[in-house]
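Participant:
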Amino acid sequence: MSSTTSSSSPPNVVLCYPVEARHLALFASELPHANVIDAGQEGIGSAIFDADVFVGHAKVPVDWDAVVAQGRLKLIQSSAAGLDHCLVPSVIESDIPVCSASGLFANQVGEQTLALLLGLLRGMPTFFRQTLAKEFIRRPTEDLHGKRVGIVGMGGNGRRLAQLLAPFQVTIRATDYYPVRQPQEVSELWEAERLEELASVSDILILALPLNRSTRQLISARIFAAMPKGSYLVNVARGQVVDESALIDALVSGHLAAAGLDVTYEEPLPASSPLWELPNVMITPHVGAQSARRVDDSTRFAVDNLQRFFTNQPLLNRVDKTLGFPHPDVMVVNNPQ
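Each residue of the sequence shown is one higher than the one before, starting from 1060 at the first, in our numbering.
1. Mind checking which residues open and close the alpha helix (DSSP H) that includes E1250?
2. Quick one: grab the DSSP three-state call for G1212.
3. With distances taken Cα to Cα, identify the nearest neighbour of S1031 among A1084, L1074 and P1091.
4. Would you call the CB atoms of V1147 and V1157 closer than 9 Å?
5. Which stretch, first to last residue, makes up the beta strand (DSSP E) that contains N1294?
6. Spatial neighbours of D1109 within its chain, please: C-beta separation below 6 Å, excluding the five flanking residues on both sides.
7. Kindly indicate which three-state DSSP category V1300 falls into: helix, strand or coil?
8. Within 10 Å of its beta-carbon, does T1200 have 16 or more other beta-carbons around it, so buried, or fewer, so exposed?
9. Distance check for F1195 and F1186, CA to CA, integer angstroms please.
10. Span of the beta strand (DSSP E) holding V1239?
11. Rounded to whole angstroms, what is the Cα-Cα separation between T1234 and E1252?
12. On the DSSP bridge assignment, give the partners of P1385 in chain order.
13. Using a Cβ-Cβ cutoff of less than 8 Å, which residues in the same chain neighbour S1246 once the five nearest sequence positions on both sides are dropped?
14. Of all the alpha helix (DSSP H) runs that stay within the bounds of the region 1259-1343, which reach a length of 4 or more residues?
15. Please report the straight-line C-alpha distance between V1262 and K1118, rounded to a whole angstrom.
16. Label A1139 either buried or exposed according to how many other C-beta atoms from any shown protein chain fall within 10 Å of its C-beta, with 16 as the threshold for buried.
17. In the DSSP assignment, find the beta strand (DSSP E) that holds F1113 and state where it starts and stops.
18. For L1074, count neighbouring C-beta atoms within 10 Å of its own C-beta (all shown protein chains included) and say buried if the count is 16 or more, exposed if not.
19. Using a 10 Å radius around the Cβ and a threshold of 16 neighbouring Cβ atoms, would you call Q1299 buried or exposed?
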């Protein structure tokens, strides 16, 4: 199976994401030595115990502690960038390598960010409400050109965002746990500890950081207070990196001009949340990574990485399990250029 594991029977590759017949055929043709099992969300709870390799994103409860204790699973290849679905303490402490889909959908996340940001700046929530009321009223709008943009997290998504925003003649600064390989579009790349300073010099703060123990509710009232009055927040990371009560306070008080949220602390966002009623908020239902090609791209990447695994080559997007994201040296960046 790998250089450290031998087996007389073919390894089981258990899938838990929405594959179709053509994706199963690709696994079969590229990994003919493996048994591929399409468990789906309905069957993953039991099928995971037959897995030598897991590929996907379980959105139902999985007894990861029991899986680790069983000792069979040898690789987790997530079909998502976020790994909060599987990085429980027992997995973190185990020797099971975990690989993410970080950066694989950076183009789509970038497009979603621009949609939210430009929508807010150009007054789309207000104009949409006017459309429903058949009102033709000119109102002030804001510009993206010339703004100071702060990006929190220079992973695959953050780096692609910098490329997409640069033509708008913005000044881009960023923070990251690994402040290395500074993109040419970024004027300053700082260590993560300078987040408050980044907030203070950002007219627009974009969140592209992973969710882990150190980032949960990291974007707090202190960070919002540091942001200039009238600034904007866009979150395309995870909802739980934000203190949502503090965000609501900053929006209601007018300290923040607006927020674009593709993710929320609780998903689906409860109908009782005040965020639904705020006129300066745009909400999309965690669709940033959606693409007509998502399953195709996920499958191609998983097949390529499993081929690496079975032939003892370095894995792409292998994460530091204590941090929940890969080092830049092994990270995939989806860049059409």
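Backbone N, C-alpha and C fix where the C-beta goes; we use that ideal spot for every residue, glycine too. Here the structure is a predicted model, which means the values were calculated and not measured.
Facilitator: In terms of the structure at hand:
1. Looking at the DSSP string, E1250 is not in any alpha helix (DSSP H); the run it does join, the beta strand (DSSP E), is E1247 to E1250.
2. Coil at G1212, not helix or strand.
3. One cannot answer for residue 1031 here, as it falls past the ends of the chain, which runs 1060 to 1396.
4. Going by C-beta atoms, V1147 is not nearer than 9 Å to V1157.
5. Note, N1294: beta strand (DSSP E), S1290 to N1294.
6. Contacts found: N1071.
7. Note: V1300 maps to helix in three-state DSSP.
8. So T1200 counts as exposed.
9. Roughly 9 Å between the two C-alpha positions.
10. Looking at the DSSP string, V1239 is not in any beta strand (DSSP E), and its letter there is neither H nor E.
11. Going by the C-alpha atoms only, they are around 8 Å apart.
12. According to DSSP, P1385 bridges with V1378.
13. Closer than 8 Å at the Cβ level, and outside the excluded window around S1246, lie T1230, I1231 and R1232.
14. Listed in chain order, the complete alpha helix (DSSP H) runs (minimum 4 residues) inside the region 1259-1343 are 1280-1285 and 1303-1311.
15. Residue 1262 is actually Asp in this sequence, not Val. Near 36 Å, if we compare the C-alpha coordinates of K1118 and D1262.
16. By the neighbour-count criterion, in which 16 or more other beta carbons inside 10 Å mark a residue as buried, A1139 falls on the buried side.
17. F1113: member of the beta strand (DSSP E) spanning V1112 to G1115, first to last residue.
18. Result: buried.
19. Burial state of Q1299 is buried, judged by a 10 Å Cβ sphere holding 16 or more other Cβ atoms.
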